[in-house]
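Worksheet: the structure to be examined is printed underneath.
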Amino acid sequence: MAKLNTSFWEHTEGIRPDLLCGRSADYMFARGHFIVLACATIVLGGFLRAFLKSSEVIVLTVLSLTGFVVGQLAYGFIEVYQVVYPLLRTSSFSLYCYVSPLIIFLAALDVDFYILKNVLWQVLLTGLISFSVTFLIVGLVVMKFNKESWDLQSCLLFSMAIGITDPIHSVNSLKTIGISKMYTDIIRGESMIICSITSIFFGILRSNLPHMFMYREFHVLMDFSLSILGSIIIGYWCSRIIEFILTDLFSNTLTSIILCISMVYLVFYIVEFLKLSGMIALITVGMNLDSLSFKPRMELTITKFLTMFTSVFQHLVYTFFGIIIGCGKLNYFSVHIVTFTLILFITLNFVRLFTVVLVSPILKHSSYKYNWKWGVVIAWSGIRGVFNLLLAPEIYNVAEKKIQSPQMFVLYVQLISLMTMGINSSMMTYLARKLGMCVISLPRQMAMQNAINHIQEIIQNTITLFKTEKILTNVNWTLVEEKTRIKYSIPFHHETEQESPTDEVLIEEARLHVAIIQMSSFEKQCQDGILDVKAARILIGATKSYCTTQGKFMSIQDVSAYIKARSWLMKFKNILTVLEYHKDKTCFIPYGKNKFRRLAYHIVFSEEFEYAGHIISLIYIYPMIIHLWPIVRELNVSALILVNYYFIFLYILQSALKIIILKRKYFHQHWNTLEFFILLLGIVDILCIYFVKLRPDDVVLIQITVVIGYLRIIRFIPLIKIIIPLLINIADVQIKKRLSLMYSITKGYVKSQEDAKFLVKQISGRESIYQKLYEILETNKREAVKELGLIEHEGRDVVIALKTRQAIRTVIAKSLKHLSFLWSRGIIDKHEGVEIHKVLLSKIKALNNFPMAIPPPTPDKYLHKIVWLENKDVLIKFFKERAKLAYFDYGDVICKEGEMPQGIYLIISGMAILHSSPPTFGIDSSLQSHRESQTLFTEYYTCGDIIGELSCLLKREIEYTAICETILQACFISLEDLYEGFDVFWPSLEYKIWLKLALSTAEQYFESALIDEDLTFQKCVALNVAYVETLSSCNEMAIDYATMKFVIVVYGSVIDTKTEVQYLAPCILPKTCEQIQGTSDLSKLLVVQPSETVKHSSSKVMGKGEPFGGRKTIGKEFR
0 MAKLNTSFWE
10 HTEGIRPDLL
20 CGRSADYMFA
30 RGHFIVLACA
40 TIVLGGFLRA
50 FLKSSEVIVL
60 TVLSLTGFVV
70 GQLAYGFIEV
80 YQVVYPLLRT
90 SSFSLYCYVS
100 PLIIFLAALD
110 VDFYILKNVL
120 WQVLLTGLIS
130 FSVTFLIVGL
140 VVMKFNKESW
150 DLQSCLLFSM
160 AIGITDPIHS
170 VNSLKTIGIS
180 KMYTDIIRGE
190 SMIICSITSI
200 FFGILRSNLP
210 HMFMYREFHV
220 LMDFSLSILG
230 SIIIGYWCSR
240 IIEFILTDLF
250 SNTLTSIILC
260 ISMVYLVFYI
270 VEFLKLSGMI
280 ALITVGMNLD
290 SLSFKPRMEL
300 TITKFLTMFT
310 SVFQHLVYTF
320 FGIIIGCGKL
330 NYFSVHIVTF
340 TLILFITLNF
350 VRLFTVVLVS
360 PILKHSSYKY
370 NWKWGVVIAW
380 SGIRGVFNLL
390 LAPEIYNVAE
400 KKIQSPQMFV
410 LYVQLISLMT
420 MGINSSMMTY
430 LARKLGMCVI
440 SLPRQMAMQN
450 AINHIQEIIQ
460 NTITLFKTEK
470 ILTNVNWTLV
480 EEKTRIKYSI
490 PFHHETEQES
500 PTDEVLIEEA
510 RLHVAIIQMS
520 SFEKQCQDGI
530 LDVKAARILI
540 GATKSYCTTQ
550 GKFMSIQDVS
560 AYIKARSWLM
570 KFKNILTVLE
580 YHKDKTCFIP
590 YGKNKFRRLA
600 YHIVFSEEFE
610 YAGHIISLIY
620 IYPMIIHLWP
630 IVRELNVSAL
640 ILVNYYFIFL
650 YILQSALKII
660 ILKRKYFHQH
670 WNTLEFFILL
680 LGIVDILCIY
690 FVKLRPDDVV
700 LIQITVVIGY
710 LRIIRFIPLI
720 KIIIPLLINI
730 ADVQIKKRLS
740 LMYSITKGYV
750 KSQEDAKFLV
760 KQISGRESIY
770 QKLYEILETN
780 KREAVKELGL
790 IEHEGRDVVI
800 ALKTRQAIRT
810 VIAKSLKHLS
820 FLWSRGIIDK
830 HEGVEIHKVL
840 LSKIKALNNF
850 PMAIPPPTPD
860 KYLHKIVWLE
870 NKDVLIKFFK
880 ERAKLAYFDY
890 GDVICKEGEM
900 PQGIYLIISG
910 MAILHSSPPT
920 FGIDSSLQSH
930 RESQTLFTEY
940 YTCGDIIGEL
950 SCLLKREIEY
960 TAICETILQA
970 CFISLEDLYE
980 GFDVFWPSLE
990 YKIWLKLALS
1000 TAEQYFESAL
1010 IDEDLTFQKC
1020 VALNVAYVET
1030 LSSCNEMAID
1040 YATMKFVIVV
1050 YGSVIDTKTE
1060 VQYLAPCILP
1070 KTCEQIQGTS
1080 DLSKLLVVQP
1090 SETVKHSSSK
1100 VMGKGEPFGG
1110 RKTIGKEFR
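First residue of the sequence shown? That's 0 in numbering that gives the first Met the number 0, and the numbers climb one at a time after it.
Okay, structure coming up:
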């Protein structure tokens, strides 16, 4: 059966391509200046857009009228006609192929695939219903009211062409007034579906119109379905190729833009050449590309270029079709054109309204926010555009009956397009504002106001800081404050002005903000190399999927359910492991002087014996084929019987040798049992054949023999043993990939929760709302950390490889930032910078081949991971001789709250959960009453974490209970051995433990304030970037901010001797504090030095004061 679509390369010999104007030229060709006309059109369109920025319809109307005037001049003057002659000789399908690919690709690229996927069936039904209703009703109206000599086919084709809603213009006015992207994507998705269906139908009519009535409906439907399915498959794989090209690290912006645009056309032409739908293929390509499919900031650049080309194409199309209309005779124009155009306009809007009424139940099911107001706005979204114009000439070209004035099809479509662009667009905007669709809800107003206040506060702080600059002493700061003050009026509805939102409403609004923050965090992590593209895409997709569920905060369990957990892979691998054939030689070594048994042992456990069994099974394939082929079987009966005897004899020999060696354990292997069963079935088969020879008239016996003969096919089952190890390796690789993906996803989720906790305070206007959000985010984070521990316990080698890869990526990313800094300052010239940049990018690209699993180090190697041992051989050897391995089962208690510490536990594998009251930070009980929070703390410790450091330092009771969540292995260093190390390596070892604890506390509580500080343990020890000060009770310390950038109380409490204000750990002392005094038995302060001071004090490692005076003082555990 012939294909029903077409390619513009294919034209039947002797038949001219279909022309835009529907007729051939009356004059001979002469050299004209059509290129000048096209360039002048682009320039005129550009000037009109520059002066009429807010009205696209006026620009297109002016261009259409200009084209009409040019057409009339061409109709009357041969010189002008020669200029437009190339346009009139252009194939309508060729122009369609030149213009439509970029426009439909831009429309599809702007659609959010994850949003559309949630409402896919609703959008499909909406598009099909809209296409069907428009096709029928508009076709009937055209037949009844049109006074032209249009037949039924032309009327239906006209209704099909004019029924397309433009995917670009139908949502432009809604996007400018802040309408939800869900509704714009629904409208755009419906438009693309109608456009795809119409283009396929026109392709069918264009290519096989003389033969299509010879096919049955089933054949047409099958070809239609295969065209859609094939286009989607090709579009998906082309999107992956384009994504691979655009994400290449070595490609520049210009190359990416050229490749993107050229690939769009290439995909369209290839798919059309294969007689499929290029429109559907490009829609699939655009929807499968998202912000992660481009390099950072590349998507915006490519989108701008696509928008520019789309605008130029629209200007050219409207001008060109104006010329085509103008080239016709004026006697076809009458008052009936105005009447019929108004009837068409009213009909199309009525059909749109009727369609919205029909699909409202479907749209209500797709979104809990859909209501009648949205229906009214969407009812005016039936805007016609360039696609209608491109298909208008095809009505005349594919219709059987040719009319005298083909330009009338173009005229009506162009008038309706301009009317809907002007009237419908204005009505959508007016109704959206009148019905309160653009009104920002009160919770969102509050969030915006809080954000504006926060920005204003930052501006004010910046001004205050600049006032201290000497170079800015003569600045008029009053004018600066006036000009930088933000005055932003938030639109609100008069009915909601006096409302006070409830906590539930505010929580729901905050939930949406949290989802946006999380998605931004995922994209940022992906750009920084922390998160791979696949993990980021899954997290963003899951966030958008659960974002539409009211009151739902996405948890890590939701993400796991979204990607369909890996349990089936584990089960599949376990089944294969059970089926795997194992040979244990050591249990069956024959003793004594029996030479036959020794010989049988060497034969059975040799690889040649195993291969011989497989070769026998493979050789039997040919006799089995002959046995199953009735005609050949009749000619080779005796040969088949002899081959069967030989095969059974070999099976008997194989089983006998195994039984001699294995004895009763022969049946412990499933494969041996199967081989013995095959042997017995073969013997029964031989006996049945023998009895059939004795009693050839016994029908029952013959039927049994035939059935048993067909059962010989089970002799090939043992061949599965060959591929089982390969399948196990494949399953193991897939499990490792899934574990790596899940770990990356979970880690990215934890980071997004931290980002959300930090940023949500900026938009929260009520403390109660912030507390609820904080508790929800903290709970979700704890669950995710727990999942990280479980994944790490399940695949330590995979997690080690992933962490190593991410560490390499982070280091290279920092090197790229330093390179950019040196390049911008002129320290490195352009050529050197480019070469170094290429080297670093090649290292990042090489990480694609990084091993998926790295074996974990042995337990003694984990001592190198204790930062305060600094990887020094003397310290490691000292503790290695004294450390012991400790094993715990699930549910075992490592240490209890209130007990005295026995030592420290370095977790080697597994995970422990820590439950505790709020940390006391060594603060006296009389001061702790001021603290409001009594929330119980829960924390998860995994591989590399240390339990009990501070309790051992202070020799005080442990303040938490540690329980094993999995089987746990730990390296245990007793309290006595630890203090022996303090005495041997006094005083540096104890100080370094305090430094490590102080840095971890500062990072946990003041990460945002210290974000610009590089407070790694190694730098603090080597360069004295930060050091620990010790204050006992009543001891004083002066603070000099010339040499101290930050002073952080990490343990204990201090008081400002001047203002007598108490500062409880953890806190950062304000700049106004000049002298402090310790109020706890032991107080520890982390002092961060300015970068200038670090250069002059790198020799000072121990800090000032008495850093070790608190070894035996009273203290409390903190983390």
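Built from N, CA and C at the ideal position, the CB exists for glycine as well.
Remember, it's a predicted structure, so these values are computed and weren't measured experimentally.
Beta-carbon proximity list for residue i, same chain, < 6 Å, skipping 5 on both sides
i	result
Glu1121	Past the edges of the chain, shown from 0 to 1118, lies residue 1121, and the structure says nothing about it.
Ala599	Leu656, Ile659, Ile660
Phe304	Ile256
Ile811	Leu839, Lys842, Ile843
Arg351	Ala378, Gly381
Met211	Only weak support exists for where Met211 lies, its pLDDT of 49 falling under 50; the value from the coordinates is given anyway. Correct list: empty, nothing qualifies.
CB of residue i within 7 Å of CB of residue j, strictly
i	j	result
Glu989	Phe981	yes
Gly285	Glu189	no
Ile382	Met407	no
Thr745	Ile555	yes
Ser950	Pro900	yes
Ile167	Phe386	no
Val1027	Leu1068	no
Ala852	Val797	yes
Leu530	Gly747	yes
Leu299	Val376	no
Thr467	Ser172	no
Phe104	Val311	no
Counted within 10 angstroms of its Cβ, other Cβ atoms place residue i as buried (16 or more) or exposed
i	result
Ala1008	exposed
His914	exposed
Ala819	Residue 819 is actually Ser in this sequence, not Ala. By the 10 Å Cβ count, Ser819 comes out exposed.
His667	exposed
Gly897	exposed
His453	exposed
Pro918	buried
Ile345	exposed
Gln497	Model confidence at Gln497 stands at a pLDDT of 46, short of 50, so the residue's coordinates are unreliable; what they give is reported in the following sentence. Counting Cβ neighbours within 10 Å, Gln497 comes out exposed, since fewer than 16 surround it.
Val532	exposed
Own chain residues within Cβ distance below 7 Å of residue i, not counting five before or after
i	result
Lys995	Val866, Trp867, Phe1016
Ser6	Residue placement at Ser6 is poorly supported in this model, since its pLDDT is 29, which falls under 50; the coordinates still yield a value, given next. Excluding positions up to five away in sequence, the list reads Glu271, Phe272, Lys274.
Lys363	Tyr369
Residues near residue i in its chain [Cβ-Cβ closer than 8 Å; skip 5 each side]
i	result
Tyr861	Leu905, Ile907, Gly943, Cys970
Phe200	Met159
Gly890	Ile962, Cys963
Ile516	Ser751, Asp754, Ala755, Leu758, Val759
When you compare the segment 384–398 with the segment 123–140, are there three or more beta-carbon pairs, one atom per stretch, that lie closer than 8 Å? Because the criterion of three Cβ pairs below 8 Å is not met, the segment 384–398 and the segment 123–140 do not touch.
Determine contact between the segment 303–320 and the segment 120–127, defined as no fewer than three beta-carbon pairs at a distance below 8 Å. Contact fails between the segment 303–320 and the segment 120–127, because fewer than three Cβ pairs, one in each stretch, are under 8 Å apart.
Taking three-plus beta-carbon pairs below 8 Å as touching, is the segment 836–846 in contact with the segment 798–812? yes
For the segment 1031–1059, list the beta strand (DSSP E) runs that are entirely contained and at least 3 residues long, ordered along the chain. 1035–1037, 1045–1050, 1052–1055
Take every Cβ of the segment 635–652, pair it with every Cβ of the segment 670–681, and state whether three or more of those distances are shorter than 8 Å. yes
Going along the chain, which unbroken runs of the alpha helix (DSSP H) with 4 or more residues stay wholly within the segment 842–900? 872–879
Assess, as a yes-or-no matter, whether the segment 322–338 is touched by the segment 71–89 under the definition of 3 or more beta carbon pairs within less than 8 Å. Inter-segment contact for the segment 71–89 and the segment 322–338 is present: three or more beta-carbon pairs are separated by less than 8 Å.
With three or more beta-carbon pairs closer than 8 Å as the criterion, would you say the segment 538–552 touches the segment 502–512? yes
Inside the segment 596–653 only - alpha helix (DSSP H) runs reaching at least 4 residues: 606–618, 620–627, 629–634
Examine the Cβ distances between the segment 232–248 and the segment 276–291 and report whether three or more of them are shorter than 8 Å. Counting C-beta pairs with one atom in each stretch, the segment 232–248 and the segment 276–291 have three or more that are closer than 8 Å, which means they touch.
To test your reading of the DSSP string, which unbroken beta strand (DSSP E) runs of 3 or more residues are found completely within the segment 958–990? 959–963, 967–973
Going along the chain, which unbroken runs of the alpha helix (DSSP H) with 4 or more residues stay wholly within the segment 393–471? Here the runs fully enclosed are 406–418, 424–433, 441–465.
Would you mind listing the alpha helix (DSSP H) stretches within the segment 241–274 that are 4+ residues and don't spill past its ends, in chain order? List check, alpha helix (DSSP H) in window: 252–272.
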